[in-house]
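Take a look at the structure below.
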Amino acid sequence: GGTMEPIQTMIQQLFPQEYRDSVTVFQCGHVIPDDHLLPICLTNYSSTGKFNFSHNHKNNVQMIHQLGDTMVQFCRNVPGGVVCFFASYAYEEYIFQTWTESGHIRQIKQCKHFFREPKQANEVDKVLDAYKKGIDNAATL
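The opening residue of the sequence shown carries number 857 in my numbering; numbering runs sequentially from there.
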């Protein structure tokens, strides 16, 4: 399940002492080369506007529209894929609905394949298959 470090601390918290030695940990390298990854943390959307996604401000529609404008620009200018993470499924749904109404989702889909993480585990394979087909089709262009 993603990066779950420090793993030893988790093992100590989840397992009684007598079972800790029987825990097998599988780790592998990152799935993409380091030079293909650029994590960015944005604090401002303009010279005067600051992103503030604290609990009291996270539903500010103007700020969400500014984030949508920013994501559209990223999608237009970043080669390859763009991944956007949200704190919860509920908040991702709120952002998605707001961006759908504002036209941001349509603009993103004009320049990138668009996938959402499903809430149901049994739907993940369908999304991953569609994602792989998108990559395969892009590779043949």
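Ideal Cβ placement from N, Cα and C applies to all residues, glycine included. Since this is a predicted model, take the numbers as computed values, not measurements.
Original post:
Taking the continuous alpha helix (DSSP H) assigned at glutamine 869, which residues delimit it?
Top reply: 863 to 870
**OP:** Please go through the stretch 934 to 990 and give each complete alpha helix (DSSP H) segment of 4 or more residues, from N-terminal end onward.
**Re:** List check, alpha helix (DSSP H) in window: 945 to 958, 960 to 965.
Original post:
Is asparagine 912 near the ligand MG, going by C-beta to nearest heavy atom under 8 Å?
Top reply: In the structure shown, the ligand MG is absent, as is every other ligand, since no ligand is present at all.
Original post:
For asparagine 915, which of helix, strand or coil comes out of DSSP?
Top reply: coil
Subject >> Separation of valine 939 from cysteine 967, as counted between CA atoms >> reply: 14 Å
**OP:** Using the DSSP secondary-structure output, state which residues sit across from asparagine 900 in a beta bridge.
**Re:** Lys906
Subject >> Top-ranked residue by Cα proximity to phenylalanine 941, from Phe871, Ala986, Ile991, Cys897 >> reply: Cys897
**OP:** Tell me where the alpha helix (DSSP H) around glutamine 873 begins and ends.
**Re:** 873 to 876
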